[in-house]
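Below: the structure, in structure tokens.
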Amino acid sequence: MKFKSLTMAAAIAASGLAGLATAPSAFAQAKEQFFPVLVYRTGAYAPNGIPFANGYVDYLKLVNAQGGINGVKVSFEECETGYATDKGVECYERLKGKGATVFQPLSTGITFALTEKAPGDKIPLITAGYGRSESTDGNVFKWNFPLTGTYWDAADILLQHVGKKEGSLDKLKGKKITLVYHDSPYGKEPIPLLQERSKMHGFDLQLIPVTHPGVEQKAAWLQIRQNRPDYVFLWGWGVMNSTALKEAVATGFPRDKMYGVWWAGAEPDVKDVGDGAKGYNALALQHGAEPNSKIVKDVLAQVHGKGQGTGPKDEVGQVLYMRGLSAAMLAVEGVRRAQERYGKGKVMTGEQARWGYENLALDQKKLDALGFAGVMRPISTSCADHRGATWARVHTWDGAKWNFSSDWYQSDDSIIKPMIKAAADKYAAEKKLTRRTPEDCQS
676 MKFKSLTMAA AIAASGLAGL ATAPSAFAQA KEQFFPVLVY RTGAYAPNGI PFANGYVDYL
736 KLVNAQGGIN GVKVSFEECE TGYATDKGVE CYERLKGKGA TVFQPLSTGI TFALTEKAPG
796 DKIPLITAGY GRSESTDGNV FKWNFPLTGT YWDAADILLQ HVGKKEGSLD KLKGKKITLV
856 YHDSPYGKEP IPLLQERSKM HGFDLQLIPV THPGVEQKAA WLQIRQNRPD YVFLWGWGVM
916 NSTALKEAVA TGFPRDKMYG VWWAGAEPDV KDVGDGAKGY NALALQHGAE PNSKIVKDVL
976 AQVHGKGQGT GPKDEVGQVL YMRGLSAAML AVEGVRRAQE RYGKGKVMTG EQARWGYENL
1036 ALDQKKLDAL GFAGVMRPIS TSCADHRGAT WARVHTWDGA KWNFSSDWYQ SDDSIIKPMI
1096 KAAADKYAAE KKLTRRTPED CQS
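Using this note's numbering, the final residue of the sequence shown is 1118, and nothing's skipped along the way.
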């Protein structure tokens, strides 16, 4: 494993701010809010993992450049997982004792493993746009926060979109929809929702797993050519996504009938496919590429402009960079919210931060003030709802950039909430957990 650490003193030394660097002992003695950062800058998924990590770290640097969290400086340490569950657990064990505020695994497999560990260690997990869908139920999953939506939300919204294209969801009856999915906990997550909707609307659902890392898909696309589905949903990650698009070109499957989840809709997924990727669609987890947003301008001016940028300047504002940046913002704002209860200007423990994530109240005014106008919609969590928002849009690749091609959608909780409760109840029974009461939620 590779580790990378930043403390405020190190940041000052690197920036060449001599006036501040004259008193490093003051920073060494100061308490800092520590954020462990699980990354994969190496391996098959690095092309997608790197921009996310760079956006995440740049946001933490921006927070320090703007004075910290109500004056509390931020520190962090990276740990390389390579997207491997065992390495992710090693990173967690390595960093949890350093005053960890929250972990963001960026892997559903790692999330499943850490879900068993976090309650005992009293450290929250943010899984923004991934992880266990049933962990929305905070009455059972006290320490998990699938903020901004789950894969059940994503699958539901994709079906709403193609249903709208056909005229209504009922018009999907008799249609063929193929899910090409990463054969891992991540790729399997949307299946229960798709199966439930298939029963409701009468479409034929075909499931085609793709073995890690996804570079061999010829057999999968031969099946697709033979079965001639009306739509293909792509639940890929890393090289699997571009490989799928290349195979679609080779087999003649129209890209405008392909829809990726929000982890299969970024620049690395399409840039090497050339004109063959034109017309390909994917979900956007609220934001898309946002090069003109205020938050991007702030990062360019206050982080990259000071020589502190983590990666290349030209990636700032791209889809996965924005995903990492937004995830870091959620981590920081949970701490800021916790300070309102436990003391402004104080370092929050993981347990205190957990309360902040469970009581997020990011309205549009707050988001706009943070620089996220037009990038994110309000997020409000509670004991019962650890998602906080379920908004998404579709964007389409035009050969050079992503463009939004739909209005906003929200997933249908009349379908999803009963599924969440049933799955959460099953988990609680297996683990012998008692549901939290309203009184429990006050603590």
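Ideal placement from N, C-alpha and C gives every residue a C-beta, glycine not left out.
Skipping 5 residues on each side, what residues in its chain have a beta carbon closer than 7 Å to that of residue i?
{"i": "Lys-1107", "result": "none"}
{"i": "Pro-904", "result": "Lys-851, Ile-852, Thr-853, Gln-881"}
{"i": "Gly-718", "result": "Gly-757, Tyr-758"}
So the candidates are the options; which of them puts its Cα closest to the Cα of residue i?
{"i": "Glu-791", "options": "Leu-781, Val-764, Trp-912", "result": "Val-764"}
{"i": "Pro-943", "options": "Thr-756, Gln-741, Gly-1046, Lys-1076", "result": "Lys-1076"}
{"i": "Leu-648", "options": "Pro-1053, Lys-762, Lys-773, Gly-774", "result": "Since the first and last residues shown for the chain are 676 and 1118, residue 648 lies out of range."}
{"i": "Pro-966", "options": "Glu-707, Pro-821, Asn-1078, Ile-1054", "result": "Asn-1078"}
{"i": "Pro-780", "options": "Ser-808, Leu-713, Ala-1097, Lys-1019", "result": "Leu-713"}
{"i": "Trp-1083", "options": "Ile-1091, Ile-1090, Trp-1072, Trp-1066", "result": "Trp-1066"}
{"i": "Ile-801", "options": "Asn-956, Met-997, Val-914, Ala-1003", "result": "Ala-1003"}
{"i": "Gln-983", "options": "Lys-736, Ile-1090, Phe-710", "result": "Lys-736"}
{"i": "Asp-989", "options": "Pro-726, Glu-752, Tyr-720", "result": "Pro-726"}
{"i": "Pro-794", "options": "Thr-783, Gly-784, Tyr-805, Lys-771", "result": "Lys-771"}
{"i": "Ser-843", "options": "Lys-969, Met-997, Ala-829, His-876", "result": "His-876"}
{"i": "Ser-750", "options": "Thr-783, Glu-768, Thr-760, Tyr-731", "result": "Tyr-731"}
{"i": "Lys-1019", "options": "Tyr-805, Lys-748, Gly-718", "result": "Lys-748"}
{"i": "Asp-845", "options": "Gly-862, Pro-867, Lys-874, Leu-822", "result": "Lys-874"}
{"i": "Met-1023", "options": "Ala-740, Gly-746, Gln-993, Asp-733", "result": "Gly-746"}
{"i": "Arg-1068", "options": "Met-997, Glu-755, Ala-829, Gln-741", "result": "Ala-829"}
{"i": "Pro-929", "options": "Val-914, Val-948, Lys-953, Gly-949", "result": "Lys-953"}
{"i": "Gly-774", "options": "Lys-706, Ala-721, Val-738", "result": "Lys-706"}
Do you know how far the Cα of residue j is from the Cα of residue i?
{"i": "Asn-814", "j": "Ile-744", "result": "29 Å"}
{"i": "Asn-723", "j": "Gly-911", "result": "11 Å"}
{"i": "Gly-951", "j": "Leu-833", "result": "22 Å"}
{"i": "Arg-716", "j": "Gln-1085", "result": "33 Å"}
{"i": "Ser-1097", "j": "Thr-786", "result": "Rather than Ser, the amino acid found at residue 1097 in this sequence is Ala. If I take the Cα positions, the gap works out to 20 Å."}
{"i": "Pro-1093", "j": "Trp-937", "result": "24 Å"}
{"i": "Gly-691", "j": "Ala-803", "result": "For Gly-691, the predicted structure reports a pLDDT of 36, less than 50, and the residue's modelled location is therefore unreliable. A value from the coordinates is still provided. Their Cα atoms are separated by approximately 35 Å."}
{"i": "Gly-986", "j": "Arg-1062", "result": "30 Å"}
{"i": "Tyr-906", "j": "Gln-881", "result": "10 Å"}
{"i": "Asn-729", "j": "Gly-1049", "result": "21 Å"}
{"i": "Ala-941", "j": "Gly-963", "result": "8 Å"}
{"i": "Gly-889", "j": "Thr-926", "result": "17 Å"}
{"i": "Val-945", "j": "Gly-806", "result": "24 Å"}
{"i": "Glu-891", "j": "Leu-897", "result": "12 Å"}
{"i": "Val-1007", "j": "Gln-901", "result": "49 Å"}
{"i": "Ser-1057", "j": "Gln-1027", "result": "15 Å"}
{"i": "Ala-696", "j": "Glu-752", "result": "Caution applies to Ala-696, whose pLDDT of 31 falls short of 50 and renders its modelled position unreliable; the value that the coordinates give is listed next. Roughly 21 Å separates the two Cα atoms."}
At what residues does the alpha helix (DSSP H) containing residue i begin and finish?
{"i": "Ile-1095", "result": "1088–1106"}
{"i": "Leu-1042", "result": "1039–1044"}
{"i": "Lys-863", "result": "860–863"}
{"i": "Gly-784", "result": "783–790"}
{"i": "Tyr-805", "result": "Run containing Tyr-805: none; DSSP gives neither H nor E here."}
{"i": "Gly-795", "result": "793–796"}
{"i": "Gly-763", "result": "760–770"}
{"i": "Gly-838", "result": "826–841"}
{"i": "Gln-898", "result": "893–902"}
On the DSSP bridge assignment, give the partners of residue i in chain order.
{"i": "Arg-1068", "result": "Ala-959"}
{"i": "His-979", "result": "Answer is none; His-979 lacks a bridge partner."}
{"i": "Val-749", "result": "Gln-708"}
{"i": "Trp-1077", "result": "Trp-1072"}
{"i": "Asn-723", "result": "None, per the DSSP bridge assignment."}
{"i": "Ala-923", "result": "DSSP, once it has assigned bridges, lists no residue as partnering Ala-923."}
{"i": "Ala-1036", "result": "Ser-1055"}
{"i": "Met-1023", "result": "Answer by DSSP bridge pairing: none, since Met-1023 is not bridged."}
{"i": "Tyr-856", "result": "Pro-884, Trp-910"}
With a CB to CB cut of under 6 Å and the five nearest residues on each side skipped, what residues in its chain are close to residue i?
{"i": "Tyr-826", "result": "Ser-808, Glu-864, Pro-865"}
{"i": "Ala-939", "result": "Leu-909, Gly-911, Asn-916, Ala-957"}
{"i": "Tyr-1032", "result": "Pro-799, Phe-820, Gly-1009"}
{"i": "Phe-878", "result": "Leu-847, Lys-850, Ile-852"}
{"i": "Trp-1072", "result": "Val-945, Ala-952, Tyr-955"}
Once the 5 residues before and after residue i are set aside, which same chain residues still bring their CB inside 8 Å of it?
{"i": "Ile-1095", "result": "Ser-808, Glu-809, Thr-811, Asp-812, Trp-827"}
{"i": "Glu-1114", "result": "none"}
Could you check where the beta strand (DSSP E) with residue i kicks off and where it finishes?
{"i": "Pro-884", "result": "879–885"}
{"i": "Gly-992", "result": "First-last for Gly-992: undefined, no H or E at that position."}
{"i": "Gly-935", "result": "933–935"}
Return yes when the C-beta of residue i is under 8 Å from any heavy atom of the ligand NAD, and no when it is not.
{"i": "Phe-816", "result": "In the structure shown, the ligand NAD is absent, as is every other ligand, since no ligand is present at all."}
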